[in-house]
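S.K.: What follows is a single structure, and I will ask about it in a moment.
This is how it looks when you write it as structure tokens:
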């Protein structure tokens, strides 16, 4: 009997999909057409996506001289970079920065978006307009550099005159610097808008049903909002991870990697290496970074499914059977 | 506990009045169906009872308790939604148990309730599936199970069958009744389908444009509709309506139109005395039109209506025939027969005998019934 | 005008969510060797549950989908490779698909603009169609679609099809978005138009009653196959298998487990003699007996006692249906409208008019065939 309902479920998904999936089977001519449609995207991807990557990988295996013969030197650069203490420090700084920025610029907007949904529509619209105001990120980064200034910055004034604290070092402290670098990101609410769009797409009847079933505010968020946002949270998390692991402009503009390398991220160090024309070392470092990020993404994809409605995996099935089965 | 009372309920959305001074009560254990065309305010009424909308005016009482200002979660109602509103990211088990867990019911009790309900609705083998893997009928039964595990003071149904394939509806109706049978609490069911209302409701309330037109048993609404709207709305196929003029020809009361002259029974004379000479609307139920040879009353020129057969629809017990009158501007009308009308009669002209005892007459201005007025 | 033949069509979806990464289809084909012919001027209804492939069939006939194998012929001419816009078909969809920004009139004229015909011709055709479409159609044409009700939109949509003088009409659940009451009048409207124009029509629906009403013939589909094609009487009295028997007829046929032995049939311990013509055709052993609601003798001396769940009264059909349970199966029995409310009823199936199916599988062992009245 179970198979009957399975068949039915499959039939229904056919039925549901039938408008969206109305792509006709391709005849010879249409097959050619579809390749033509693909061509621009493929060319772009090859030229600006894969070619530099492969070229970088190739360079990392040579001595990368401008003058004189380019020689194949194998993994020499990789070994050199592995032993370089500055590389280890750069990865550590990057990890701290990524961690901070995920907490501050990834988690906070989720919470803010959820809370905002409880506001009247008009208030919400105003907030969204504020966030949508076009701001140049470089310009505002520059602005923050002045705000953080130890002598005449606004932050210093607030700390000493308003809060009556001793003078704060801000960007000059090796322990605080990464926090203050992440801080401006809080004000750029890009991800929040995406969460709000997702939240608005959740059928109102889910919340109404939950309410009738006796769920309170937190329970509604925990059992409906968050699970429904899971795919988008998951995607944004990967973006945030990739993004923050490649952070560069903030550090370059505000600190130049200081104090004492405390904000020198991998990409900033890579940039420094390029300045010294150490192309082979720089590309080797780039490949290391690529591998680390790739590994994180793969681990994430393997352990988390981002479709909340998918049939349960074996793990979930066991868990709920255990949870529900005790009587 | 006990009955649910609605008094002078009004709901306005800005300038639009969705529910206009509605009063009714649902007795303990009663199954009341709210029926009306889309946009008549029936769903809004239901949502007001659930607490999902706030009443502009009027009072809602559960037993003696006024619940106007009580939040939905504290009203203790159970509701089956039109789109079922089962959570796609939760298993069937979690969906059914949701309400009990929200109210911190002991685990063992929750488990027992869920198992009982899902067994009753034949989904106990699907407990660990997610809704996406279920068919429409199964999803609907999950929604019913979710209501079943609760001990609510009021059960609400918002067109729960309208998303189902026609073939599944019969079984689904039985399931809804099974749920009601088990709980025996006040239940309010909203639908736009009068046949569903007739099949399910202990009593039926007909709504139009935010107003309650009439409330009563299916039989009452059918036999004694208070106005034209209820008369037309209740019953499939609908009542046939004709514009007639009421005349007194000697002792005989006659309703005449371009298509026919119908003699009305003498008993109607006292009631209709004041309307002689006026234009009225005459209503004839499809089953009150008979094949003359099979009519259970004498047939003559004064109760015969002629028409051309347009469409013949076979039904399980006979046929429904769609005809039009023989006027310059033909009017469509319908007759249902207990015999199968052969398709050879298509496009033919046939005489039909009218059972004049069962006709309805309405004032065209006020639309009120002249024979079954309040 | 056209005759349409669908010959041995197979259609699988090979889109991203329907195949594995190696190209293996995850689902059975949407159409699995379907053959169907529609005579010139005939209306064929394709009916089946959601996901049975009926909409895919319609799209293949329209040319919106290309079959994997098999052919589609219009008047004997192979059109399998012809683009939909060159096939001269008119389609009416469930969601009306009117151009929302255009008034009704422009919706009708759009075809002529696209095909660079003269304004003169567009106007003339629109006027002709408005005449044919009947009363009030003209006033619909001046309004924009969003201001029209569902039924009115569907009339405009149909008008838009007729304007282009199609050789074939394709309708995909055109009235299932409408209110029950509106559905009733709209389907009569459509049926009358179809009869007036005599256009070959393929009509898809999930509602067997609608199919019975609209179709000259009905094709029952399941899982991508056509199970049976025929008139209502053929499907009703001569079902090809248990599936069709259960699908056609409302309320559905009761299916009782029974045992046949020595020309006697036994249901739950109670035995009856079988009529000779039935007994001759049945092997001994377990069978399933299908009994139509009207195929029971009530209050018979040799009847079996059936506990009832509830009684549904349908005044328009002058009938009530008694719902109960026998031998674990749901039972629906037709009774007179004024049948008293009881706990249980004594009834005997009319063994001569019942359908017999094998206990395993769905094969028909014996069907009663069309009713002989004289």
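Residue numbers (my numbering), protein chains in the order written: chain P, 1 to 327; chain A, 328 to 701; chain D, 702 to 1075.
Yeah, the Cβ is synthetic: ideal placement off N, Cα and C, and Gly gets one too.
Are residue 968 (chain D) and residue 1035 (chain D) closer than 8 Å when you measure CB to CB?
M.R.: The residue labelled residue 968 (chain D) in the question sits at position 267 within the third chain. The residue labelled residue 1035 (chain D) in the question sits at position 334 within the third chain. No; because the gap between Cβ atoms is not below 8 Å, this pair is not in contact.
S.K.: For residue 972 (chain D), which residues does DSSP report across the bridge?
M.R.: Taking the third chain and counting its residues from 1, the one referred to as residue 972 (chain D) is at position 271. Note: residue 972 (chain D) sits in a beta bridge opposite D:967.
S.K.: How many Å lie between residue 95 (chain P) and residue 304 (chain P) at the Cα?
M.R.: For the purposes of this step, residue 95 (chain P) is identified with residue 95 of the first chain, where counting begins at 1. For the purposes of this step, residue 304 (chain P) is identified with residue 304 of the first chain, where counting begins at 1. Their backbone Cα atoms lie some 21 Å apart in a straight line.
S.K.: Can you give me the Cβ contacts of residue 291 (chain A) inside the same chain, cut-off strictly under 6 Å, excluding the 5 residues immediately before and after it?
M.R.: Look at the range of chain A in this structure, 328 to 701, and you will see that residue 291 (chain A) is not part of it.
S.K.: Starting from the beta carbon of residue 908 (chain D), find every residue of chain A whose beta carbon is closer than 7 Å, and list them in chain order.
M.R.: Locating residue 908 (chain D) in the third chain gives position 207, where the first residue counts as 1. In chain order: 493.
S.K.: For residue 315 (chain P), which three-state DSSP category applies?
M.R.: As a working note, residue 315 (chain P) is residue 315 in the first chain. Residue placement at residue 315 (chain P) is poorly supported in this model, since its pLDDT is 49, which falls under 50; the coordinates still yield a value, given next. Residue state, collapsed to three classes: helix.
S.K.: Would residue 272 (chain P) count as contacting chain A if we go by Cβ distances under 8 Å?
M.R.: Translated into positions along the first chain, residue 272 (chain P) becomes position 272. It does not; no Cβ of chain A falls within 8 Å.
S.K.: Does residue 1056 (chain D) come out as helix, strand or coil in the three-state DSSP assignment?
M.R.: Here the question's residue 1056 (chain D) lines up with position 355 in the third chain. Strand at residue 1056 (chain D).
S.K.: Can you find at least 3 beta carbon pairs, one from the region 588-600 of chain A and one from the region 625-644 of chain A, that sit closer than 8 Å?
M.R.: The region 588-600 of chain A vs the region 625-644 of chain A: in contact.
S.K.: Starting from residue 997 (chain D), trace the beta strand (DSSP E) in both directions and tell me its first and last residue.
M.R.: Counting from one through the third chain, the residue named residue 997 (chain D) turns up at place 296. First-last of the beta strand (DSSP E) with residue 997 (chain D): 997-999.
S.K.: Taking a Cβ distance cut-off of 9 Å, strictly less, list which residues of the region 515-531 of chain A are near chain D, in chain order.
M.R.: Correct list: 518, 519, 520, 521, 522, 523, 525, 526, 527.
S.K.: Which residues, taken in chain order from the region 870-886 of chain D, show a beta carbon closer than 7 Å to some beta carbon of chain A?
M.R.: Cβ contacts with chain A: 880, 881, 882, 885.
S.K.: Count the other CB atoms, across all protein chains shown, that sit within 10 Å of the CB of residue 751 (chain D); report buried if there are 16 or more and exposed otherwise.
M.R.: Your numbering for residue 751 (chain D) matches position 50 in the third chain. Buried: at least 16 other Cβ atoms inside 10 Å.
S.K.: Which of the three DSSP states is assigned to residue 22 (chain P) in this structure?
M.R.: Position 22 of the first chain, counted from the first residue, corresponds to residue 22 (chain P). Note that residue 22 (chain P) scores a pLDDT of 36, beneath 50, so its modelled location is shaky; the value from the coordinates is reported in the next line. Reduced to three states, the DSSP call for residue 22 (chain P) is coil.
S.K.: Would you call residue 616 (chain A) buried or exposed, if buried means 16 or more other Cβ atoms sit within 10 Å of its Cβ?
M.R.: Residue mapping note: residue 616 (chain A) aligns to position 289 of the second chain, counting from 1. When all chains shown are included, residue 616 (chain A) counts as buried.
S.K.: Answer with yes or no whether the minimum CB distance from residue 687 (chain A) to chain D is below 8 Å.
M.R.: Start at 1 with the first residue of the second chain, and residue 687 (chain A) comes out as number 360. No - not a single Cβ of chain D is within 8 Å of the one on residue 687 (chain A).
S.K.: Can you tell me which of the three DSSP states residue 1038 (chain D) falls into?
M.R.: Taking the first residue of the third chain as position 1, residue 1038 (chain D) is located at position 337. Coil at residue 1038 (chain D), not helix or strand.
S.K.: Using the beta-carbon count (16 or more within 10 Å), is residue 26 (chain P) buried or exposed?
M.R.: Within the first chain, the letter at position 26 stands for residue 26 (chain P). Confidence at residue 26 (chain P) is low in this model, with a pLDDT of 48, below 50, so its placement is unreliable and the value that follows should be read with caution. Burial call: exposed.
S.K.: Going residue by residue through the region 206-288 of chain P, where are the continuous alpha helix (DSSP H) segments of at least 4 residues, counting only ones entirely within it?
M.R.: Within the region 206-288 of chain P, the complete alpha helix (DSSP H) runs of at least 4 residues are 217-220, 226-245, 249-254, 266-275.
S.K.: Within 10 angstroms of the Cβ of residue 520 (chain A), are there 16 or more other Cβ atoms? Answer buried if so, exposed if not.
M.R.: Position 193 of the second chain, counted from the start, is the residue given in the question as residue 520 (chain A). When all chains shown are included, residue 520 (chain A) counts as buried.
S.K.: So, helix, strand or coil for residue 753 (chain D), using DSSP?
M.R.: For this step, residue 753 (chain D) is matched to residue 52 along the third chain. Coil.
S.K.: Closer than 8 Å, CB to CB, is residue 214 (chain P) near chain A or not?
M.R.: Here residue 214 (chain P) corresponds to residue number 214 of the first chain, with the count starting at 1. It does: the Cβ of residue 214 (chain P) has a partner Cβ on chain A nearer than 8 Å.
S.K.: May I ask you to check if the CB of residue 1048 (chain D) is nearer than 7 Å to at least one heavy atom of the ligand HEM?
M.R.: Of the ligands one can find in the structure shown there are none, so the ligand HEM has no counterpart to examine.
S.K.: Measure the alpha-carbon distance for residue 22 (chain P) versus residue 781 (chain D) and round it to whole angstroms.
M.R.: As a position in the first chain, residue 22 (chain P) is number 22, starting the count at 1. As a position in the third chain, residue 781 (chain D) is number 80, starting the count at 1. Only weak support exists for where residue 22 (chain P) lies, its pLDDT of 36 falling under 50; the value from the coordinates is given anyway. One C-alpha to the other measures close to 17 Å.
S.K.: Could you have a look at residue 879 (chain D) and say whether DSSP puts it in helix, strand or coil?
M.R.: As a first step, residue 879 (chain D) must be located in the third chain, where it is residue number 178. Coil.
S.K.: When Cβ atoms are compared, which residues of the region 938-967 of chain D fall closer than 7 Å to chain A?
M.R.: Those residues of the region 938-967 of chain D that come within reach of chain A (Cβ to Cβ, closer than 7 Å) are 948, 950, 951, 952, 953.
S.K.: If you draw a straight line from the C-alpha of residue 118 (chain P) to the C-alpha of residue 203 (chain P), how long is it?
M.R.: Position 118 of the first chain, counted from the start, is the residue given in the question as residue 118 (chain P). Position 203 of the first chain, counted from the start, is the residue given in the question as residue 203 (chain P). If you take the alpha carbons of residue 118 (chain P) and residue 203 (chain P), they lie about 15 Å apart.
S.K.: Compare the C-alpha of residue 883 (chain D) against each of A:560, A:464, A:496, A:426 and name the closest.
M.R.: Taking the third chain and counting its residues from 1, the one referred to as residue 883 (chain D) is at position 182. The residue with the shortest Cα to Cα distance from residue 883 (chain D) is A:560.
S.K.: Nearest chain A C-beta to residue 234 (chain P) closer than 8 Å, yes or no?
M.R.: The residue labelled residue 234 (chain P) in the question sits at position 234 within the first chain. So no, residue 234 (chain P) is outside the interface.
S.K.: Shorter than 8 Å from the beta carbon of residue 637 (chain A) to some beta carbon of chain D?
M.R.: Here residue 637 (chain A) refers to the residue found at position 310 of the second chain. Chain D, which has a Cβ nearer than 8 Å to the Cβ of residue 637 (chain A), makes this yes.
S.K.: Kindly provide the ranges of any beta strand (DSSP E) runs that are 3 or more residues long and lie completely inside the region 534-563 of chain A, ordered along the chain.
M.R.: For the region 534-563 of chain A, whole beta strand (DSSP E) runs of length 3 or above, ordered along the chain, are 538-543.
S.K.: Applying a beta-carbon distance threshold of less than 9 Å, which residues of chain D neighbour residue 545 (chain A)?
M.R.: Taking the first residue of the second chain as 1, we reach residue 545 (chain A) at position 218. Under the 9 Å cutoff, chain D gives 1014, 1016.
S.K.: Identify each residue in the region 973-995 of chain D for which the Cβ-Cβ distance to at least one residue of chain A is less than 9 Å, and report them in chain order.
M.R.: Listed by position, the residues of the region 973-995 of chain D near chain A (Cβ gap below 9 Å) are 993, 994, 995.
S.K.: In whole angstroms, give me the CA-to-CA distance for residue 832 (chain D) and residue 879 (chain D).
M.R.: Residue numbering aside, residue 832 (chain D) sits at position 131 when the third chain is read from its first letter. Residue numbering aside, residue 879 (chain D) sits at position 178 when the third chain is read from its first letter. So the two alpha carbons sit approximately 24 Å from each other.
S.K.: Under three-state DSSP, which class holds residue 949 (chain D)?
M.R.: Walking along the third chain from the start, residue 949 (chain D) turns up at place 248. Three-state result, residue 949 (chain D): coil.
S.K.: Only counting runs of 4 or more residues, tell me where the alpha helix (DSSP H) segments fall wholly within the region 91-129 of chain P, in order along the chain.
M.R.: Correct list: 108-116.
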